[in-house]
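Peer 1: Residue numbers (this note's numbering), protein chains in the order written: chain P, 345 to 619; chain B, 370 to 790; chain S, 246 to 562.
Glycine residues also receive a C-beta, built at the ideal position from the N, C-alpha and C atoms.
Shown next, in the form of structure tokens:
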């Protein structure tokens, strides 16, 4: 945008970086199409003799990846929906309603931003247990929502604070309730923030490992990362399955990203930087 | 996909409703079983689905549901499963007094002492085994042994034949053998200490080979210090193997499968494992007829494998069908089922009692049965107090990565033992 | 814009101004808490049950001898705190965690910054590189652990076998078994996954820098280094603050790659506070000691955040 001259020197410099960073993907995908014997030869630059698509079929069936992917999506949808439902109103209240104790409440809410979930995991497990939510997708979803609330509120509040007071106060004069203002004025205005919140939430839920590891016991309720780790340690002696199973876990999200790349990038960066 | 998921959840719902309204009716019982390991493997699934079908035929209205284990007691998976309350009614898992104590202390499993005498289980396992179990938790017994382990050296018959190698009778002969193997450009021994149990297999073998079964037994019982000169030799020797390059230092980061791969591909000559290794070998397409088994050469008395109770049945304290769970254990202990399992190609262990006229399904299992016929020593991993086991595994990694000397390693274990008392 | 349109708008505006009652001054009549409560309630309820209560319970647990989820816990005073001071692994894991955070900041943050600066100079290939370099971030850290454990395998892994093939056989290492190397190796895997996000944020920050600044500098004859030092980096300062805090927090939460790749070994050399909490709580069932470590982790996180924000405030003051 601002440079004169050719960009090719930079591109040339980036090519080795490109190879190093994406090399693991290439190696993994090539290995996933080899036979067990070919993998055992430990030659990273050798191509598979025949493309063993069977590896994918076997991994898919043995690992139950269909169910894992479904669970991951259910989990993700739940977290995204509940995060929006909890954080948007709360962010609005903390930004636009001047009630006593507002500052205090805000700090209490974002205090959690600094507390890693690992630091509260033992009682968190006990809470889930006493509510009968251990080994359920609902339990993991609620815990993840709570974990994401500090950031969500922080983000929504910052965004709403940027909306001129005149807009809300005019509506108040017309007798609109806070809920109506939120619904008819604020939310339509805040698409960038909501988009950012959705993407950030979705990404962290999709990738979460720690909470599922602790809470989700049965394979039938497990999410992809946990399922893959279990699969990889159970079938560790069949590397063709480990490799193809690994590719299965990241392929859907990478395809989704490539399709929505521009919007995704915008949402992620704009939202995060506003927050 | 979606359709089948819907159908599955509808069925689950119906099953749940049946459970709610029909618990008293004998015709709607669902026995949820944790295990067996690798139930998703065709060979193992075939065996267990057969057993399940027979049990269901014998007990009308009962269904058995297998839950593929997500781990063991060592990594907390069994505890989590029981605590989830959605958990299993009966559990088959890696056992040993240390692991079982962990769940007993957390009040997660039922005592089965009375069932032993009432249901005749005491007669269905080796007498020495029953005695041992009685001695472990002050008379109360919480587990029913399903299988025993026998850990020794696996080697490639063709490789040993080609070079004229043999597993010798003495430790010094064994060290010479490793030197010869290394000179051929082959790794003498592979080990994967990142898998907790696997670290202990080789180490336990070496402790017994150096100090004898009796000394190891005393050390496990806290009657002999691990730092005693008569105990440290095995650990010191392990460090020597590392220093001489007979065990590659970088193996410290391998897990069982990473190390086993070296052996299956014949980059390593020997591997310490038990009968369960047949399953790994089969998955890796290793020719089982080429596998040989021998006890680790010992300087103190007869060489013998180490081992102990490897797998046991447990009944969770919150089992919804404890009576049915016991019936299932009765069934598993019956001659019919035990022989069927022992002769199945998926068989991977020693059984808890003598089985008349048993035909081992593979030659290597026959060899292991033979080597173990003279008895099995202690595998410390399954006998150490729960609070010590973790340290025990970590110090083995410490020796193999050349961070700890044998003496230092034993001092770490001894310190934990002292704390545990 | 048409004349009619302008007129209408003016008329409307005037009309509105007349019709509107005088505006209330901002400071008067704060809303009652009753009107905010219903909007706060969903968030408050979830947060109180699943975050605030567990924080409080962690404190209580640290003073008990709880030995498992089903057992009764007795009050034991500061016993666990005394035990914590005597456990060398706790102190070691603290140091490892600090190192881990620094590695992550330098590796992931540094790579993100360098690549962002390089990529933002591109025109036709910018989207391509930006998209490609972000791909690792889409892989779950646990899955990254599975992948990199295989890359680092001393005998079959991509790294050692590739080094051997290109004639650098003596560069091969026990990446995950060497006590001095293991934490770094695992961190490389984590940072491989982490840098993409930081890169995107830096790119967004660079786009907000006024291009005329560079043009002016070029007229003054500034070279690339001067432009980087005097325009680019200062222009990124806000994003930098954000990225550094994010990297610090992400670093502290590090768990999955270590858990999957080394389990904290060999001999605790890659044990972080988080993995040690898991070991104590779920494998050793020593909840009292684990709770002390939880509190330590929280304090660590809070103090890093405070120190960083103080430092930042002083920098910009």
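Using a threshold of 8 Å, state whether the C-beta atoms of residue 441 of chain P and residue 560 of chain P are closer than that.
Peer 2: As a first step, residue 441 of chain P is located in the first chain; it is residue number 97 there, counting from the start. As a first step, residue 560 of chain P is located in the first chain; it is residue number 216 there, counting from the start. No, Cβ-Cβ distance for residue 441 of chain P and residue 560 of chain P is not below 8 Å.
Peer 1: Roughly how many angstroms separate the alpha carbons of residue 591 of chain B and residue 598 of chain P, rounded to a whole number?
Peer 2: In the second chain, the residue the question calls residue 591 of chain B occupies position 222. In the first chain, the residue the question calls residue 598 of chain P occupies position 254. Each residue's Cα considered, the two are about 55 Å apart.
Peer 1: Here's the rule: buried if 16 or more other CB atoms are within 10 angstroms of the residue's CB, otherwise exposed. What is residue 606 of chain P?
Peer 2: In the first chain, residue 606 of chain P corresponds to position 262, counting from 1. With fewer than 16 other Cβ atoms within 10 Å, it is exposed.
Peer 1: Closer than 8 Å, CB to CB, is residue 439 of chain B near chain P or not?
Peer 2: Translated into the one-based positions of the second chain, residue 439 of chain B becomes position 70. True, the Cβ-Cβ gap to chain P drops below 8 Å.
Peer 1: Look at the Cβ atom of residue 620 of chain B, then the Cβ atom of residue 422 of chain S, and state whether they are nearer than 8 Å.
Peer 2: Stepping through the second chain from its first residue, residue 620 of chain B is reached at position 251. Stepping through the third chain from its first residue, residue 422 of chain S is reached at position 177. Cβ atoms of residue 620 of chain B and residue 422 of chain S: closer than 8 Å.
Peer 1: To the nearest angstrom, how far is the alpha carbon of residue 422 of chain P from that of residue 468 of chain P?
Peer 2: Along the first chain, read from residue 1 onward, the residue named residue 422 of chain P stands at position 78. Along the first chain, read from residue 1 onward, the residue named residue 468 of chain P stands at position 124. Cα-Cα distance, rounded: 19 Å.
Peer 1: If you draw a straight line from the C-alpha of residue 756 of chain B to the C-alpha of residue 280 of chain S, how long is it?
Peer 2: Stepping through the second chain from its first residue, residue 756 of chain B is reached at position 387. Stepping through the third chain from its first residue, residue 280 of chain S is reached at position 35. Roughly 54 Å separates the two Cα atoms.
Peer 1: Tell me the DSSP bridge mates of residue 588 of chain P?
Peer 2: Position 244 of the first chain holds residue 588 of chain P. Bridge partners of residue 588 of chain P: none, in fact.
Peer 1: In the DSSP assignment, what are the bridge partners of residue 517 of chain B?
Peer 2: In the second chain, residue 517 of chain B corresponds to position 148, counting from 1. In DSSP, residue 517 of chain B forms a bridge with B:678 and B:719.
Peer 1: Could you give the first and the last residue of the continuous alpha helix (DSSP H) run that contains residue 282 of chain S?
Peer 2: For the purposes of this step, residue 282 of chain S is taken as the residue at position 37 of the third chain. Start and end: 278-292.
Peer 1: Which residues, taken in chain order from the region 365-380 of chain S, show a beta carbon closer than 9 Å to some beta carbon of chain P?
Peer 2: Answer set for the region 365-380 of chain S: 365, 366, 367, 368, 369, 370, 371, 372, 374, 375, 376, 377, 378, 379 and 380.
Peer 1: Going along the chain, which residues of its own chain have a beta-carbon closer than 7 Å to the beta-carbon of residue 520 of chain S, five neighbours each way excluded?
Peer 2: The residue you call residue 520 of chain S lines up with position 275 of the third chain. Cβ neighbours of residue 520 of chain S beyond the five flanking positions: 500, 503, 504 and 509.
Peer 1: Pop quiz: residue 480 of chain B and residue 509 of chain B are said to be a contact at Cβ under 8 Å. What is the actual Cβ separation, rounded to whole angstroms?
Peer 2: Taking the second chain and counting its residues from 1, the one referred to as residue 480 of chain B is at position 111. Taking the second chain and counting its residues from 1, the one referred to as residue 509 of chain B is at position 140. Between residue 509 of chain B and residue 480 of chain B the Cβ distance is about 5 Å, and since that is below 8 Å, they are a contact.
Peer 1: Excluding the 5 residues flanking residue 378 of chain P on each side, which residues of the same chain have their C-beta closer than 7 Å to its C-beta?
Peer 2: Locating residue 378 of chain P in the first chain gives position 34, counting from the first residue. Correct list, in chain order: 392, 396 and 584.
Peer 1: Of all Cβ atoms in chain P, is any one closer than 8 Å to the Cβ of residue 294 of chain S?
Peer 2: Taking the third chain and counting its residues from 1, the one referred to as residue 294 of chain S is at position 49. At least one chain P Cβ lies under 8 Å of residue 294 of chain S.
Peer 1: For residue 580 of chain P and chain B, any beta-carbon pair shorter than 8 Å?
Peer 2: As a first step, residue 580 of chain P must be located in the first chain, where it is residue number 236. So, interface residue.
Peer 1: Roughly how many angstroms lie between the CA atoms of residue 317 of chain S and residue 311 of chain S, to the nearest whole one?
Peer 2: Here residue 317 of chain S is taken as the residue at index 72 of the third chain, counted from 1. Here residue 311 of chain S is taken as the residue at index 66 of the third chain, counted from 1. Rounded to whole angstroms, residue 317 of chain S to residue 311 of chain S spans 7 Å at the Cα level.
Peer 1: Which residues in chain P sit within 9 Å of residue 555 of chain S, going by Cβ to Cβ distance?
Peer 2: The count along the third chain starts at 1 and reaches residue 555 of chain S at position 310. Going along chain P, no residue has its Cβ under 9 Å from residue 555 of chain S, so there is no contact; the nearest lies around 14 Å.
Peer 1: Please state the DSSP three-state secondary structure of residue 400 of chain S.
Peer 2: In the third chain, the residue the question calls residue 400 of chain S occupies position 155. Reduced to three states, the DSSP call for residue 400 of chain S is coil.
Peer 1: Which residue comes first and which comes last in the alpha helix (DSSP H) that contains residue 441 of chain P?
Peer 2: For this step, residue 441 of chain P is matched to residue 97 along the first chain. Run containing residue 441 of chain P: none; DSSP gives neither H nor E here.
Peer 1: With a threshold of 8 Å between beta carbons, is residue 711 of chain B in contact with chain S?
Peer 2: Here residue 711 of chain B corresponds to residue number 342 of the second chain, with the count starting at 1. False, the Cβ-Cβ gap to chain S never drops below 8 Å.
Peer 1: Could you compute how far the alpha carbon of residue 650 of chain B sits from the alpha carbon of residue 656 of chain B?
Peer 2: Mapped onto the second chain, residue 650 of chain B falls at position 281. Mapped onto the second chain, residue 656 of chain B falls at position 287. Roughly 8 Å between the two C-alpha positions.
Peer 1: Look at the alpha carbon of residue 600 of chain P and the alpha carbon of residue 386 of chain P, and state the distance between them as a whole number of angstroms.
Peer 2: Position 256 of the first chain, counted from the start, is the residue given in the question as residue 600 of chain P. Position 42 of the first chain, counted from the start, is the residue given in the question as residue 386 of chain P. Taking the straight line joining both Cα atoms gives about 32 Å.
Peer 1: Mind checking which residues open and close the beta strand (DSSP E) that includes residue 640 of chain B?
Peer 2: Stepping through the second chain from its first residue, residue 640 of chain B is reached at position 271. Note, residue 640 of chain B: beta strand (DSSP E), 637-642.
Peer 1: Between residue 532 of chain S and chain P, is the shortest Cβ-Cβ distance under 8 Å, so that the two count as touching?
Peer 2: Reading the third chain from its first residue, position 287 is the one you call residue 532 of chain S. Judged by the 8 Å Cβ criterion, residue 532 of chain S is in contact with chain P.
Peer 1: Give a yes or no on whether 8 Å exceeds the smallest Cβ distance from residue 356 of chain P to chain S.
Peer 2: Position 12 of the first chain, counted from the start, is the residue given in the question as residue 356 of chain P. By this cut-off, residue 356 of chain P is not an interface position.
Peer 1: Is the Cβ-Cβ distance between residue 732 of chain B and residue 658 of chain B less than 8 Å?
Peer 2: Translated into the one-based positions of the second chain, residue 732 of chain B becomes position 363. Translated into the one-based positions of the second chain, residue 658 of chain B becomes position 289. Yes; because the gap between Cβ atoms is below 8 Å, this pair is in contact.
Peer 1: For the beta strand (DSSP E) that contains residue 434 of chain B, what are its first and last residues?
Peer 2: For this step, residue 434 of chain B is matched to residue 65 along the second chain. Segment 431-436, the beta strand (DSSP E) holding residue 434 of chain B.
Peer 1: Within 8 Å of any Cβ in chain S, is that where the Cβ of residue 530 of chain P sits?
Peer 2: The residue given as residue 530 of chain P occupies position 186 in the first chain. Closer than 8 Å: no.
Peer 1: When you compare the CB of residue 607 of chain B with every CB in chain S, is at least one pair closer than 8 Å?
Peer 2: Indexing the second chain from 1 puts residue 607 of chain B at position 238. No - not a single Cβ of chain S is within 8 Å of the one on residue 607 of chain B.
Peer 1: If I measure Cβ to Cβ from residue 577 of chain P and keep anything under 7 Å in the same chain, skipping five residues before and after, which residues do I get?
Peer 2: One-based indexing of the first chain puts residue 577 of chain P at position 233. Cβ within range, chain order: n/a, list empty.
Peer 1: For residue 422 of chain B, count neighbouring C-beta atoms within 10 Å of its own C-beta (all shown protein chains included) and say buried if the count is 16 or more, exposed if not.
Peer 2: Your numbering for residue 422 of chain B matches position 53 in the second chain. So residue 422 of chain B counts as exposed.
Peer 1: So if DSSP puts residue 683 of chain B in a beta bridge, which residue, or which two residues, is it bridged to?
Peer 2: One-based indexing of the second chain puts residue 683 of chain B at position 314. Residue 683 of chain B is bridged to B:460.
Peer 1: Could you check the C-alpha separation between residue 717 of chain B and residue 556 of chain P for me, to the nearest Å?
Peer 2: Taking the first residue of the second chain as position 1, residue 717 of chain B is located at position 348. Taking the first residue of the first chain as position 1, residue 556 of chain P is located at position 212. Going by the C-alpha atoms only, they are around 32 Å apart.
Peer 1: Please classify residue 471 of chain S: is it buried, with 16 or more other beta-carbons within 10 angstroms of its beta-carbon, or exposed?
Peer 2: Against the third chain, residue 471 of chain S aligns to sequence position 226. The residue is exposed, with fewer than 16 neighbouring Cβ atoms inside 10 Å.
Peer 1: Anything in the region 620-647 of chain B with a Cβ closer than 8 Å to a Cβ of chain P? List those residues in chain order, please.
Peer 2: If the cut-off is 8 Å between Cβ atoms, the region 620-647 of chain B has 624, 625, 626, 627, 629, 630, 633 and 634 near chain P.
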